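Engineer:
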Amino acid sequence: MPTTAPPEPAEVARIADGVRRRVLEHVVDNDGGYLSQACSAAEMLGTLYGGLMRLGPPEAPMVPEPFAGTPGPGRRHQSGGAYNGPRDPQLDRFVFSPAHYALVLYATLIEVGRLAPEALERFNADGSTVEMIGAEHSPGFETTTGSLAQALSYAGGVALARKLKDETGHVWVFLSDGEFQEGQTWETIAALSHHGIDNLTALVDVNGQQCDGPMDGVMAIEPLARRIEAFGGVAHDVDGHDPDAIVAAADDQRRPGSPTFVLGRTDPCRGIDLLQERAPLLHYVRFSSAEEKARYATTLEEWSP
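Going by this note's numbering, the residue at position 282 of the sequence shown is 292; the numbering climbs one at a time, nothing skipped.
1. Measure the alpha-carbon distance for GLY42 versus ARG305 and round it to whole angstroms.
2. For THR4, is the classification buried or exposed, using 16 other Cβ atoms within 10 angstroms of its Cβ as the cut-off for buried?
3. Is SER268 buried or exposed, if buried means 16 or more other CB atoms sit within 10 Å of its CB?
4. Would you say the stretch 149 to 161 touches the stretch 184 to 199, given that touching needs at least three Cβ pairs under 8 Å?
5. Closer than 8 Å is the cut-off here; do at least three beta carbon pairs connect the stretch 94 to 111 with the stretch 169 to 188?
6. Please list, in chain order, all residues of the same chain as THR13 whose beta carbon is under 8 Å from its beta carbon, the five residues on each side excluded.
7. Locate the alpha helix (DSSP H) running through ASP27, then write down its first and last residues.
8. Using 8 Å as the threshold, is the C-beta distance between LEU202 and VAL216 below it?
9. Closer than 7 Å by C-beta to THR308: which residues in its own chain qualify, once you throw out the five before and the five after it? Chain order, please.
10. Between THR118 and ARG31, what straight-line distance do the alpha-carbon atoms span, to the nearest angstrom?
11. On a CA-only basis, which of ALA48, VAL38, HIS147 and ASP176 is nearest GLU299? Give me that one, please.
12. Since ALA240 is in the alpha helix (DSSP H), which residue starts that stretch and which ends it?
13. Have a look at MET11 and ASN209 and give me their C-alpha separation to the nearest angstrom.
14. For PRO83, does the three-state DSSP call read helix, strand or coil?
15. Report the residue from GLY28, PRO71 and SER46 whose alpha carbon sits nearest the alpha carbon of GLN219.
16. To the nearest angstrom, report how far apart TYR294 and LYS175 are at their CA atoms.
17. Check this for me: beta carbons of GLY95 and PRO127, under 8 Å apart or not?
18. Buried or exposed for MET54, going by 16 or more other Cβ atoms inside 10 Å?
19. Does DSSP classify ARG275 as helix, strand or coil?
20. What's the C-alpha gap between SER89 and PHE151?
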């Protein structure tokens with residue numbers, strides 16, 4: 011049964027378009043940033059926040075407070091997860107794994123009204139929680155997740171606890187495909203299967219890119235769906251830019267006793283064709299010249315509102 015009313019494709023498209031434009035604007039204004047991740051992940055995150063997840067209202071200030079310091083006596087813990095609403099047994103939990111996608115997550119939170127646009131003015135500034143690489147105090151992040159592949163283990167523990175306590179809320183995880191180069195991911199899938207964790211669904215941005223270039227030139231992970239199935243999970247390959255396909259795989263094709271993985275096959279240049287000139291090195295945009303920056307600025311100016 012679906013966890014909530016399915017998101018409207020038009021709303022997902024609005025969120026995704028806004029995320030790409032907002033991240034492009036940030037990259038132009040700050041001479042660089044993680045842009046291809048916005049191109050590939052925008053519809054998947056738009057689908058999650060557009061209605062696939064059952065979340066309550068945010069419980070954190072729209073403009074994040076400065077970092078208060080390490081939790082201790084007289085110093086409270088700042089949880090970025092508060093932007094995803096209260097920890098209610100009937101509501102869902104969201105664990106965001108690829109911390110270098112932080113800018114994309116912040117842009118998504120802004121597009122769905124959980125974070126103020128002014129929050130990006132504090133991006134990567136000293137003393138800010140709006141970090142370039144998200145941590146447990148950063149908006150939208152429930153926990154620190156790096157090195158890559160640690161968030162799935164964390165989410166699995168949350169899901170097991172929720173089953174033991176008969177909580178009805180689901181656990182959602184967002185992963186990057188590079189995390190399947192890590193042994194901890196495969197150990198976790200085996201453990202999730204062993205414990206019958208079927209209240210966890212992972213959406214995976216399979217864009218084929220990592221910091222050293224195309225993933226298949228570093229360490230291949232395919233056939234990814236078959237490998238996940240071999241470790242006891244359920245895996246569905248879908249078009250990661252198609253919200254209906256994402257919802258169908260995430261909600262309608264679960265198997266009792268097994269975790270679900272929605273493998274969104276995505277385009278790291280989606281919506282910003284200019285990025286194709288940088289292929290195959292798409293992980294981070296750092297302008298090589300004033301002329302290149304001007305071309306990206308022109309693309310931004312020509313963006314349809």
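Ideal Cβ positions, reconstructed from N, Cα and C, are used throughout, including at glycine. Predicted, not measured: the structure shown is a model, and the values here were computed from it.
Structural biologist: Quick answer:
1. By 1-based counting over the sequence shown, the position of residue 42 is 32. By 1-based counting over the sequence shown, the position of residue 305 is 295. The alpha-carbon atoms of GLY42 and ARG305 are separated by roughly 13 Å.
2. One cannot answer for residue 4 here, as it falls past the ends of the chain, which runs 11 to 315.
3. Within the sequence shown, the letter at position 258 stands for residue 268. Its Cβ being crowded by 16 or more others within 10 Å, SER268 is buried.
4. yes
5. They touch, by the three-pair rule.
6. Against the sequence shown, residue 13 aligns to sequence position 3. Residue placement at THR13 is poorly supported in this model, since its pLDDT is 42, which falls under 50; the coordinates still yield a value, given next. Correct list, in chain order: LEU62, MET63, ARG64, ASP102, HIS180 and ASP261.
7. By 1-based counting over the sequence shown, the position of residue 27 is 17. That run of the alpha helix (DSSP H) goes 19 to 39.
8. Position 192 of the sequence shown holds residue 202. Position 206 of the sequence shown holds residue 216. No.
9. For the purposes of this step, residue 308 is taken as residue 298 along the sequence shown, with counting starting at 1. Closer than 7 Å at the Cβ level, and outside the excluded window around THR308, lies no residue.
10. What you label residue 118 is simply residue 108 of the sequence shown in a count that begins at 1. What you label residue 31 is simply residue 21 of the sequence shown in a count that begins at 1. When rounded, the distance between both Cα atoms is 11 Å.
11. Taking the sequence shown and counting its residues from 1, the one referred to as residue 299 is at position 289. It should be noted that the sequence gives Ser, not Glu, for residue 299. Measuring from the Cα of SER299, the nearest candidate turns out to be VAL38.
12. In the sequence shown, the residue the question calls residue 240 occupies position 230. Taken as a continuous stretch (DSSP letters only), the alpha helix (DSSP H) holding ALA240 covers 234 to 240.
13. In the sequence shown, counting from the first residue as 1, residue 11 sits at position 1. In the sequence shown, counting from the first residue as 1, residue 209 sits at position 199. Caution applies to MET11, whose pLDDT of 33 falls short of 50 and renders its modelled position unreliable; the model cannot decide the point.
14. Walking along the sequence shown from the start, residue 83 turns up at place 73. Coil.
15. Locating residue 219 in the sequence shown gives position 209, counting from the first residue. Of the listed residues, the one whose Cα sits closest to GLN219 is SER46.
16. By 1-based counting over the sequence shown, the position of residue 294 is 284. By 1-based counting over the sequence shown, the position of residue 175 is 165. Rounded to whole angstroms, TYR294 to LYS175 spans 42 Å at the Cα level.
17. Translated into the one-based positions of the sequence shown, residue 95 becomes position 85. Translated into the one-based positions of the sequence shown, residue 127 becomes position 117. Cβ distance not < 8 Å, so GLY95 and PRO127 don't count as in contact.
18. As a first step, residue 54 must be located in the sequence shown, where it is residue number 44. MET54 is buried by the Cβ-count criterion.
19. Along the sequence shown, one-based indexing puts residue 275 at 265. Residue state, collapsed to three classes: strand.
20. Position 79 of the sequence shown, counted from the start, is the residue given in the question as residue 89. Position 141 of the sequence shown, counted from the start, is the residue given in the question as residue 151. Rounded to the nearest angstrom, the two C-alpha atoms are 7 Å apart.
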